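Engineer: Below: one structure in structure tokens.
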Amino acid sequence: MAVGHDSVLLDKSVQALVQKQAGVYIDGTFGRGGHSRAILRCLNDQGRLIAFDKDPDAIDAGRALAAEDKRFQIVHGSFASMCELDLAGVDGVLLDLGVSSPQLDVAQRGFSFLIDGPLDMRMNNTAGQTAAQWIARADELEMVRVFREFGEERFAKRIARAIAKQRDTQAITTTAQFAKIVSEANPRWERGKHPATRVFQAVRIFINAELDDLQQGLDAALNALVVGGRLVVISFHSLEDRITKRFIRDKCRGKTFPIGVPVTEAMLEKSLKPVGKAVKADDDEISKNNRSRSAIMRVAEKI
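Position 58, counted from 1, in the sequence shown is what my numbering calls 55; the numbers after and before it change by one each time, with no gaps.
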């Protein structure tokens, strides 16, 4: 079944990214190709776009686009693996983070607490352990750490205890079952937010190593970019945005030296400069695509 996907901050991100029509660009999360197609429309015949995605369904969509447009190439894997391709001379890297609408909206993928399906949550659903497999084996301390670190869940201990108790009598294998356990163990429901939101986010991030990928991907992107090349990152929660913000800040400041040591500008070896301020979706976009409400875009340029 085909599922639609509205790319968040589409025009703003592509406008910030593409500075050369004949440039080489990377779309780190192809999804269903919304950003990629918009980038290709900005390139001339000499331009080139390389996209990455973990999701086999996204790869199928990417291969169809590659068959239509010889300027485009799709790679099955995390954008963190761009360092393995020995890419150089890249004019822009776009990272649109998080889970895509097709992944959320298809029950079989197991990402959503709103529709029942197998408790999977793997972006690459052909490899690695599922969320159900991890929930079945993880001890309470590990669950508490994951819920707190990746979901910022205040009631992590109480929820982990409820999960452990439930799995002693019945395997936890579906999203509806998992969401019910988490919701019932959560004593304070936030207005306008499903009580299982933070735990589902935490498990998804952990299962897919999303924050590790982000840190490695930011480093790889900086190495691949040419001077004047742009890094554009769209985040959807505070953990991603915090990593991105700190990375850009640190690379803009350059090296640190002990207080009192004479330092020249060249010695700092700054590698990025910020481009504008953080950008959020406007009211019009939010009204059309509610998932854009939490998006925040940061842009930096290599120097």
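Backbone N, C-alpha and C fix where the C-beta goes; we use that ideal spot for every residue, glycine too. The model shown is predicted, which means the values in this text are computed figures rather than measured ones.
Tell me Gln70's beta-bridge partners as DSSP assigns them.
Structural biologist: Answer is Ile47.
Engineer: Find out if the Cβ-Cβ distance for the pair Gly44, Ala61 is shorter than 9 Å.
Structural biologist: Not closer than 9 Å, so no.
Engineer: Quick check: the Cα distance between Ser235 and Gly273, rounded to an integer number of angstroms?
Structural biologist: Cα to Cα, Ser235 sits roughly 20 Å from Gly273.
Engineer: Output yes or no for whether 9 Å exceeds the beta carbon distance between Arg29 and Pro99.
Structural biologist: The answer is yes: Cβ separation under 9 Å.
Engineer: With DSSP as the reference, label Arg145 as helix, strand or coil.
Structural biologist: Three-state DSSP puts Arg145 in a helix.
Engineer: Using beta carbons (cut-off 9 Å, strictly below), is Pro184 in contact with chain B?
Structural biologist: In the structure shown, chain B does not exist; there is a single protein chain.
Engineer: Apart from the five residues just before and just after Ile283, which ones in its own chain have a Cβ nearer than 6 Å to its Cβ?
Structural biologist: Ser289 and Arg290.
Engineer: With a 10 Å radius around its C-beta and 16 neighbouring C-beta atoms as the bar for buried, classify Ala(-1) as buried or exposed.
Structural biologist: Its pLDDT being 40, under 50, Ala(-1) is placed unreliably by the model, and the measurement read from it follows with that caveat. That one is exposed.
Engineer: Quick check for students: name the residue ranges of the alpha helix (DSSP H) that lie wholly in the region 234 to 290, counting only runs of 4 or more.
Structural biologist: Qualifying alpha helix (DSSP H) stretches, in chain order: 235 to 250, 262 to 265 and 280 to 285.
Engineer: Can at least three beta-carbon pairs, one atom from the region 49 to 61 and one from the region 174 to 182, be found at a separation below 8 Å?
Structural biologist: Because the criterion of three Cβ pairs below 8 Å is not met, the region 49 to 61 and the region 174 to 182 do not touch.
Engineer: What are the boundary residues of the alpha helix (DSSP H) that Leu211 is part of?
Structural biologist: Here the alpha helix (DSSP H) through Leu211 covers Glu207 to Ala221.
Engineer: If you compare alpha carbons, which of Ile293, Ala278, Gly86 and Asp279 is closest to Val230?
Structural biologist: Residue Ile293 is the option with its Cα nearest to Val230.
Engineer: In chain order, what residues of the same chain have a beta carbon less than 7 Å from the beta carbon of Val96, not counting five sequence neighbours either side?
Structural biologist: The residues are Phe108 and Arg201.
Engineer: Label Arg227 either buried or exposed according to how many other C-beta atoms from any shown protein chain fall within 10 Å of its C-beta, with 16 as the threshold for buried.
Structural biologist: Buried.
Engineer: Which residues does DSSP list as the beta-bridge partners of Val90?
Structural biologist: BP columns for Val90 point to Ile23 and Leu228.
Engineer: Taking DSSP as the reference, what is the three-state secondary structure of Val179?
Structural biologist: Helix at Val179.
Engineer: In its own chain, which residues sit with a C-beta less than 6 Å from the C-beta of Gly1, not counting the 5 before and 5 after it?
Structural biologist: With a pLDDT of only 47 at Gly1, under 50, the local geometry of the prediction cannot be trusted, and no value is derived from it.
Engineer: I'd like to know whether the C-beta atoms of Phe110 and His73 end up nearer to each other than 9 Å.
Structural biologist: No, the Cβ-Cβ distance between Phe110 and His73 is not below 9 Å.
Engineer: Using the beta-carbon count (16 or more within 10 Å), is Met264 buried or exposed?
Structural biologist: The residue is exposed, with fewer than 16 neighbouring Cβ atoms inside 10 Å.
Engineer: Tell me which residue opens and which closes the beta strand (DSSP E) that Val296 is part of.
Structural biologist: It spans Ile293 to Lys299 - the beta strand (DSSP E) in which Val296 sits, taken as one unbroken run.
Engineer: Could you tell me the alpha carbon to alpha carbon distance between Ile300 and Asp136, rounded to whole angstroms?
Structural biologist: Rounded to whole angstroms, Ile300 to Asp136 spans 47 Å at the Cα level.
Engineer: Can you tell me which residues form a DSSP beta bridge with Pro115?
Structural biologist: The partner list for Pro115 (beta bridge, DSSP) reads Thr171.
Engineer: So is Gln198 buried or exposed if we call it buried at 16+ other beta carbons inside 10 Å?
Structural biologist: Buried is the call here.
Engineer: Taking all protein chains shown into account, decide if Lys252 is buried (16 or more other Cβ within 10 angstroms of its Cβ) or exposed.
Structural biologist: Exposed is the call here.
Engineer: Gly89 and Ile47: beta carbons closer than 9 Å?
Structural biologist: No; because the gap between Cβ atoms is not below 9 Å, this pair is not in contact.
Engineer: What did DSSP end up calling Pro99 once you bin it into helix, strand or coil?
Structural biologist: Looking at Pro99 - three-state DSSP - the assignment turns out to be helix.
Engineer: Can you tell me whether DSSP reads Gln18 as helix, strand or coil?
Structural biologist: Looking at Gln18 - three-state DSSP - the assignment turns out to be coil, as it is neither helix nor strand.
Engineer: Could you give the residue range of the alpha helix (DSSP H) that holds Phe76?
Structural biologist: Run containing Phe76: none; DSSP gives neither H nor E here.
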